[in-house]
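Report on the structure given below.
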Amino acid sequence: NAGVTQTPKFRILKIGQSMTLQCTQDMNHNYMYWYRQDPGMGLKLIYYSVGAGITDKGEVPNGYNVSRSTTEDFPLRLELAAPSQTSVYFCASSYSGSHNEQFFGPGTRLTVL
Amino acid sequence: SQKIEQNSEALNIQEGKTATLTCNYTNYSPAYLQWYRQDPGRGPVFLLLIRENEKEKRKERLKVTFDTTLKQSLFHITASQPADSATYLCALDSTSGTYKYIFGTGTRLKVLA
Chain A
1 NAGVTQTPKF RILKIGQSMT LQCTQDMNHN YMYWYRQDPG MGLKLIYYSV GAGITDKGEV
61 PNGYNVSRST TEDFPLRLEL AAPSQTSVYF CASSYSGSHN EQFFGPGTRL TVL
Chain B
114 SQKIEQNSEA LNIQEGKTAT LTCNYTNYSP AYLQWYRQDP GRGPVFLLLI RENEKEKRKE
174 RLKVTFDTTL KQSLFHITAS QPADSATYLC ALDSTSGTYK YIFGTGTRLK VLA
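Residue numbers (this note's numbering), protein chains in the order written: chain A, 1 to 113; chain B, 114 to 226.
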């Protein structure tokens, strides 16, 4: 099993550009999550999904969109990138809800200039 | 307001000693609390989960306690080794029994040889 994979590893965007961060898991997990981590800060939940076709907002959803058309994939879309979106983005998955561990991907380091 | 706090200052200890990290929270009533390890440039890795009705959980050299009255969890690493050097994050389900976890900012542990 590859676990949770994320692409790209690094990206630099200009203000106003858009991009999609890809996340795939091969563990047949129902739950998937997107977090951002700023330097010296904890992980902040952006969006999560409890299954294909179901998504919901987390703590900091503004400026982002997600979709979940399959169990495996959970892409995160940034529209009109802003410097405040400079961060490290982590995708995670878990078999079910809060009593299960989350498996994290390696992260995408995004810089918006 | 709701807060989850970990000591933001780095903790330096001598090899072989027991490291104790603290996670305090206010205005939450979590059903579960998790601890993760994060190495630089990598995603968090799950270590232990403890339920609200459990006082203590152990796994090899790791021990976690959960005091819902004090609203505190302690994370212990016994016989610490330089390889234990990392940042340790605590996380709790922000609404009891759900899958929306709130993460602390983490405590950086350095074990000196």
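We treat Cβ as the ideally placed atom computed from N, Cα and C, and that holds for glycine.
- Against F179 (chain B), chain A offers no close residue; the least beta-carbon distance is about 14 Å (beta-carbon pairs closer than 7 Å).
- The segment 48-60 of chain A makes no contact with the segment 138-154 of chain B; the number of CB pairs closer than 8 Å stays below 3.
- If you draw a 10 Å sphere on the C-beta of R171 (chain B), you find fewer than 16 other C-beta atoms in it, and that means exposed.
- Chain B has a Cβ within less than 8 Å of the Cβ of L43 (chain A).
- With the rule of 3 Cβ pairs closer than 8 Å, the segment 68-86 of chain A counts as touching the segment 12-30 of chain A.
- If you compare the alpha carbons of A:T71, A:Y48, A:A52 with that of N65 (chain A), the shortest gap goes to A:Y48.
- Rounded to the nearest whole angstrom, the C-alpha separation of P8 (chain A) and G156 (chain B) is 14 Å.
- DSSP places K172 (chain B) inside the beta strand (DSSP E), whose first and last residues are 169-172.
- The continuous beta strand (DSSP E) containing F90 (chain A) extends over residues 87-94.
- Residue pairing by DSSP places R77 (chain A) opposite A:T20, A:N65 in a beta bridge.
- When DSSP reads this structure, G51 (chain A) sits in a beta bridge with A:I54.
- By the beta-carbon neighbour count (other beta carbons within 10 angstroms, threshold 16), I12 (chain A) is exposed.
- Shown here, A196 (chain B) sits in a helix according to DSSP, grouped into three states.
- Taking the CA atoms as reference points, S96 (chain A) sits about 6 Å from Y31 (chain A).
- Close CB contacts of K176 (chain B) within its chain, under the 6 Å cut and outside five residues either way in sequence, are with H189 (chain order).
- If you ignore the 5 residues before and after G3 (chain A), its C-beta comes within less than 8 Å of the C-beta of Q25, D26, M27, F103, G105, all in its own chain and listed in chain order.
- Contact between K14 (chain A) and L113 (chain A) holds, with the beta-carbon distance rounding to 6 Å and staying under 8 Å.
- Listed in chain order, the non-local C-beta contacts of D152 (chain B) below 6 Å within the same chain comprise A199, local neighbours out to five positions each way being set aside.
- In this model, G51 (chain A) and T5 (chain A) are separated by some 18 Å (Cα to Cα).
- With a 10 Å radius around the Cβ and a threshold of 16 neighbouring Cβ atoms, D38 (chain A) comes out exposed.
- E128 (chain B) and Q17 (chain A) have their C-alpha atoms roughly 48 Å apart.
- Residue range 124-127 is occupied by the beta strand (DSSP E) that includes I126 (chain B).
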